[in-house]
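In this note's numbering, the protein residues as written are 4 to 171.
Have a look at the structure below before the remarks.
This is how it looks when you write it as structure tokens:
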């Protein structure tokens, strides 16, 4: 059986001080309510990664990146590459979040490249898939999710696919 992963995306919230305070409170809560066989991953804004990874060292909490670019480097202002995320000590990255798909029009061809980059640099991709409310109301959710998975993850080997976490 696969291990349960509890993931929390902070989106564009919390300053460094707020994030550190939250992490300390969360660590204390976990000590009181320890659960085995669960991986807990927090996804703060990129600016907080380095410090929160250090702050989480003495806990079961992992810290991950909210996104990565599909290129290794280049003139992509504001973007972060997979090796940059990995260099912080992070082990996880979110790929294909609904907000990235909606606001940045990210499609499966680009998401597939992101998954490949993440895997190449030793990150575990959390590949998000799901339908919009309109698609659900039109009973298209199965078709939409199947296409997202097939087009986004089709090029992976069985070994690579086994390293991807699918979030619905």
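Beta carbons are placed, not taken as given, at the ideal position from N, Cα and C, and that holds for glycine.
Residue i CB to nearest heavy atom of the ligand NAD below 7 angstroms
i, result
"residue 46", "What this structure holds is no ligand at all, so the ligand NAD is not there to describe."
For residue i, the residue or residues it bridges with in DSSP
i, result
"residue 95", "67, 127"
"residue 30", "In DSSP, residue 30 forms no bridge with anything."
"residue 41", "7"
"residue 169", "130"
"residue 46", "12"
Euclidean distance between Cα positions of residue i and residue j
i, j, result
"residue 110", "residue 151", "9 angstroms"
"residue 169", "residue 131", "6 angstroms"
"residue 36", "residue 63", "12 angstroms"
"residue 58", "residue 33", "14 angstroms"
"residue 74", "residue 112", "13 angstroms"
"residue 158", "residue 95", "20 angstroms"
"residue 166", "residue 114", "16 angstroms"
"residue 88", "residue 51", "11 angstroms"
"residue 162", "residue 5", "15 angstroms"
Residue i vs residue j beta-carbon contact at 8 angstroms
i, j, result
"residue 133", "residue 101", "yes"
"residue 97", "residue 42", "no"
"residue 92", "residue 56", "yes"
"residue 126", "residue 85", "yes"
Residue burial classification, residue i (beta-carbon count within 10 angstroms, cutoff 16)
i, result
"residue 155", "buried"
"residue 142", "exposed"
"residue 14", "exposed"
"residue 45", "buried"
Quiz item: When the Cβ atoms of the stretch 102-120 are set against those of the stretch 53-68, are three or more pairs found closer than 8 angstroms?
Solution: no
Exercise. May I ask you to verify whether the stretch 119-126 touches the stretch 138-157, counting CB pairs closer than 8 angstroms and requiring at least 3?
Key: no
Self-check item: Three or more C-beta pairs below 8 angstroms linking the stretch 75-84 and the stretch 17-26
Solution: no
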